[in-house]
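Chains as they are written, first to last, in the working numbering: chain A, 1 to 163; chain B, 1 to 795.
Following: one structure in structure tokens, then a few remarks.
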Amino acid sequence: MDELATEELVEITVTVNGTVHRERVSPRMHAADFLRQRLGLTGTHIGCEQGVCGMCTVLLDGEAVKGCLLLAPQLDGRELRTVESLAQGGELAPLQQAFKDCGGLQCGFCTPGFLMTATALRESGRRLDREQIREELSGVLCRCTGYDGILTAVDRVLNGEQR
Amino acid sequence: MSSVEVAEQQAPSLIGSSVPRKEDDRLLQGDGRFTDDVEPARSLHMAVGRCPFPHARIESIEAAEAAAMPGVHQVLTGVEVEARTEPISVLRPVPGAADLPFYALASEVCVFEGQPVVSVVAESRQLAEDAVEAIWIDYEPLAHVSDPIAALAPEAPVLHPERMDSNLLASNPQGRGEPEKRLAEAVVVVEDSFRIGRVSPLPMEPRAVVAEWRPGARELIAHVSTQVPHLVRMQLAESLRLGESEVRVVTGDVGGGFGLKLGLYPEDLLACLHAIELRRPVKWTEDRVEHFRASTHAREAVHDFRIAADAEGRFLAMTDTYVTDLGGQNSPFGSAQLSSIVFTGPYRVEDATVERRVAVTNKTPIGAYRGYGQPEVNFARELLVDRLARRLGRDPLELRLQNMLSEEELPWKNAVGALYDSGDYGRCLRMVAERIDYGGLRAAGRGPRPDGRYVGVGFTSFVERTGYASARFLANRGSRFGAHESVTLRANRSGGIDLYTGVSTFGQSNETAFAQICAEVHGIDYAAVRVHAGDTGATPLNTGAFASRTLIAGSGAVREAAAALRAKTLRIAAARLELEPDALEIAGDVVRCREQPQRAIGLAEIHVAAITGQGIPGDEEPGLEVTAHFEPSAAAFAYGSAAAVVAVDAETGEFEIERFVMAHDSGRIVNPRAVEGQVRGALAQGFGAALSEELRYEEDSGQLLNGTMLDYFVPTASDLPPIELLHTEVPSPVTPFGVRGVGETGTIPPGASIANAVCDALAEFGVEISSLPITPERVWRALREASNGGEGLEG
Ligand code: FES
Ligand code: FES
Chain A
1 MDELATEELV EITVTVNGTV HRERVSPRMH AADFLRQRLG LTGTHIGCEQ GVCGMCTVLL
61 DGEAVKGCLL LAPQLDGREL RTVESLAQGG ELAPLQQAFK DCGGLQCGFC TPGFLMTATA
121 LRESGRRLDR EQIREELSGV LCRCTGYDGI LTAVDRVLNG EQR
Chain B
1 MSSVEVAEQQ APSLIGSSVP RKEDDRLLQG DGRFTDDVEP ARSLHMAVGR CPFPHARIES
61 IEAAEAAAMP GVHQVLTGVE VEARTEPISV LRPVPGAADL PFYALASEVC VFEGQPVVSV
121 VAESRQLAED AVEAIWIDYE PLAHVSDPIA ALAPEAPVLH PERMDSNLLA SNPQGRGEPE
181 KRLAEAVVVV EDSFRIGRVS PLPMEPRAVV AEWRPGAREL IAHVSTQVPH LVRMQLAESL
241 RLGESEVRVV TGDVGGGFGL KLGLYPEDLL ACLHAIELRR PVKWTEDRVE HFRASTHARE
301 AVHDFRIAAD AEGRFLAMTD TYVTDLGGQN SPFGSAQLSS IVFTGPYRVE DATVERRVAV
361 TNKTPIGAYR GYGQPEVNFA RELLVDRLAR RLGRDPLELR LQNMLSEEEL PWKNAVGALY
421 DSGDYGRCLR MVAERIDYGG LRAAGRGPRP DGRYVGVGFT SFVERTGYAS ARFLANRGSR
481 FGAHESVTLR ANRSGGIDLY TGVSTFGQSN ETAFAQICAE VHGIDYAAVR VHAGDTGATP
541 LNTGAFASRT LIAGSGAVRE AAAALRAKTL RIAAARLELE PDALEIAGDV VRCREQPQRA
601 IGLAEIHVAA ITGQGIPGDE EPGLEVTAHF EPSAAAFAYG SAAAVVAVDA ETGEFEIERF
661 VMAHDSGRIV NPRAVEGQVR GALAQGFGAA LSEELRYEED SGQLLNGTML DYFVPTASDL
721 PPIELLHTEV PSPVTPFGVR GVGETGTIPP GASIANAVCD ALAEFGVEIS SLPITPERVW
781 RALREASNGG EGLEG
């Protein structure tokens, strides 16, 4: 509880999924905890808090970053996007639909991490073949799928059906 | 004509089709509800202090300062926990084992690094963790033993002297015939000792619990990330001395289980105990460092295997004496028990014996993990089959086919009495050989190729038990759960069906498969079936999801419930339409006359009539709800074969898996995409255990060396070899729809096929491999030992 914390709280202003939030945060709190506990955006998951598993991947000013390696005060003045921003009006985004069509998820715990990583790839406009996509996605772990469905889904969205 | 047959006449069949998964929409949108996503108002947070030594006596605990820290609500130690709770029960005891009760907190002696010693509840997680740091615990380190073989030596320190004279918890011999006699007469005997490394199942979601207690209502609600909510409920009630009706376990989405989340853990119990005593919600989520020390590990075993054969290569006998490591104390499932069931594999062997020996060591307790002993024993047996082929100058493919049970020989009772139900084992093996172009590869030779590398091919064949033989089989072994599954179907007023199951959802696509079967049998739209899983307050009492049993038992329960619901729906509709029930069918959202489809009535209307009891025939009871229980008549044996093609650098030991092909049979397939996902996922775990995953302990300190994600290597997207899957579909005669379990198959073949391929590539050097994982360093060592003229057996 904040009133028991000994350290000074830091005030930040951050835009998350298009909404501006002004919050006072502990300087020790990481961004994934901030999203989950402060904003109730529990789609961003936590798997290691060491920057290895990628469960906490979010977009910071359009770039995929690991939320557990980022402190909440570093979010000040930045723009953040999470998995909750992808579907519009109850319609799955093309990437989400592709994951669904290609068997890209099982337990779904890693899915937000992959979706955000792939969203950044897509928005970068880079042309990537399947092997390059494989490399790009290797910062997020999945223990259920063996990655095949995930790769197919991302490949399909980045490069179109014909491949 | 039974209602099931009627439903099957409707085209097109849902069973066998890759319909979109029920689970996906919420998970894709970040709207899954995992246990850590649950946080009731006024929640407190728990942190656990753990023993840093593998074996130590607790001399004293100084907690007053921590208890007085601002924001700290309670500190519990082992003495208090022992007084206020019962030991955590074992769900699947080892037959013949001494009772080794364990409490949620250690009070006198700790037997593994990471064992919980104190728990603290505070206003925030950080404050609780800070308070744990402020507790002063004085330990006297004791002599430890990490290696399971060393633990059985007479000079080893005995870890549980009050209950056991040695560290051998149990030994379970099984088998038939006279293998020793056959071994003595045999022309050739191959034997070796095979070591299988210790691994972590490592689900991406760590364990978590949120406990709430309402004293006036005497209701404990425990949100737990588990594969078995109803079993956890039983264990919680027992340990907390509550009636089962006072405990409700709620399990939402589970981020992977793989056997690790099978039953009650100490932290689950502690959070509940704190919540009861503090009358506040208490939450705990494991961090990954804790996970590596306090969540069950798996696999570690040493198999001493022998195969005897005659000059023609006919297998005469097999024996396997193996030691599994239990770790420091029991876990709800304990170490693997299935090696004994499938040790002879798909082969015709009359004389065979197996003995499981369970050793206690100062390491994290071992629990279930996908495959549960089957990958381990497959590695030992299949490596020896290849060595036998080399000894006899035979082709390993031919030797396997010669000894494999044929389709006509099934059903076959193996040496321990397990009944292989049906299948064409040889066909899968021939399929993989053909797919890799075995003939062409052999003709091209082993190399070295222009790139300097040697090429090898490795095969493996296996059978896999899926589901449980029967409740009687389980009773004989003291297991505390049944072989059946139970499902409730309840019609709702929107014209849909709610399906309630105690099987929680952790990636196995059970919501989808259950809804598919329900829709198929009943006739309702797949989209109109909603699955509610994992809340013991709402779902029928069941066993839970493990041992590839969900679909085998659950599909029968869904089928029976759907058929009964359908029959009643048709009777009510028949009265309203003034037709015979036989003349009707359910098609999507209507019940209609098969001959004159315009004579129809909405399903919602029938549901409302039944639910209100208004407008139903006089001899019908109101209500439209069915609970069905189903126990399959036997376990079903899945089977398959795999081949790996590797290229090995004989200088460095580095190797590349150029191809991996598996052909398997999971009987009738309900959802092909889901099955492929299960197989690929299990294969990835199999490759991890074969190539890169191993929990290593430092010999002198007994400490875990690589207990973080930074230094325990699970496969990433770039680490897996190309995988080609083939399958056959021989229905099992012992299960509903002919399904066989599929969740664990993929864990079995990688280790054996890769090892055989590496040894094949390096055959001219005389290299043999005997342990998992197979790392370039181990291959390099094996090469050196072979070139030094030794036996060529690396350690
Ligand atoms: S939780 Fe951030 S990378 Fe694992
Ligand atoms: S779907 Fe379970 S971890 Fe990826």
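Just so it is clear, CB atoms sit at the ideal spot from N, CA and C, and this is done for glycine as well.
Should residue i be listed as close to ligand 1, given that the test is whether its C-beta is under 6 Å from any heavy atom?
i       : result
Ile46/A : yes
Gly51/A : yes
Cys68/A : yes
My output table needs one value for residue i: the three-state DSSP class, helix, strand or coil.
i        : result
His45/B  : strand
Ala134/B : coil
Pro375/B : helix
Ser641/B : strand
Asp665/B : strand
Cys144/A : coil
Thr119/A : helix
Met55/A  : coil
Ser3/B   : With a pLDDT of 37 at Ser3/B, under the threshold of 50, the modelled position of this residue cannot be trusted; read the value that follows with caution. In the structure shown, Ser3/B sits in a helix (DSSP, three-state: H, G or I).
Between the C-alpha atoms of residue i and residue j, what's the straight-line distance to the nearest angstrom?
i        : j        : result
Val10/A  : Ser26/A  : 6 Å
Arg390/B : Asn167/B : 38 Å
His629/B : Ala563/B : 13 Å
Val19/B  : Ser245/B : 38 Å
Asp304/B : Asp165/B : 24 Å
Val118/B : Gly49/B  : 5 Å
Pro206/B : Arg381/B : 34 Å
Arg740/B : Glu408/B : 19 Å
Leu691/B : Thr775/B : 6 Å
Leu260/B : Ser200/B : 8 Å
Glu791/B : Glu764/B : In this predicted model, Glu791/B has a pLDDT of only 47, less than 50, meaning its place in the structure is not dependable enough to derive any value.
Arg163/A : Arg156/A : For Arg163/A, the predicted model reports a pLDDT of 42, less than 50, meaning its position is unreliable; a value from the coordinates is still stated below. The alpha-carbon atoms of Arg163/A and Arg156/A are separated by roughly 7 Å.
Leu220/B : Cys107/A : 27 Å
Ser146/B : Pro54/B  : 8 Å
Glu654/B : Val189/B : 31 Å
Asn17/A  : Arg81/A  : 5 Å
Arg493/B : Ala604/B : 6 Å
Ile12/A  : Arg36/A  : 16 Å
Report the residue from the options whose alpha carbon sits nearest the alpha carbon of residue i.
i        : options                                   : result
Gly114/B : Pro365/B, Met164/B and Leu28/B            : Pro365/B
Gly681/B : His274/B, Val187/B, Thr747/B and Asp619/B : Thr747/B
Pro203/B : Phe99/A, Gly160/A and His45/A             : His45/A
Arg130/A : Leu75/A, Tyr147/A, Val20/A and Phe34/A    : Tyr147/A
Glu86/B  : Gln227/B, Arg241/B, Ser461/B and Lys413/B : Arg241/B
Val210/B : Val250/B, Glu178/B and Glu191/B           : Val250/B
Ser461/B : Phe473/B, Arg427/B, Gly467/B and Arg435/B : Arg427/B
Shorter than 6 Å, the distance from the beta carbon of residue i to the closest heavy atom of ligand 2, or not?
i        : result
Gln74/B  : no
Gln29/B  : no
Met55/A  : no
Thr145/A : yes
Gln106/A : yes
Gly256/B : yes
Gly507/B : yes
Met204/B : yes
Phe660/B : no
Phe481/B : no
Phe109/A : yes
Since residue i and residue j are thought to touch, with beta carbons under 8 Å apart, how far apart are those beta carbons, to the nearest angstrom?
i        : j        : result
Ala31/A  : Leu86/A  : With 8 Å as the limit, Ala31/A and Leu86/A do not qualify as a contact, their Cβ atoms being about 18 Å apart.
Pro581/B : Leu565/B : Not a contact, Cβ separation roughly 13 Å.
Leu44/B  : Ala122/B : 7 Å
Ala415/B : Arg176/B : 5 Å
Ser509/B : Asn671/B : 6 Å
Val457/B : Asp760/B : 6 Å
Gly104/A : Thr145/A : 7 Å
Glu585/B : Arg594/B : 5 Å
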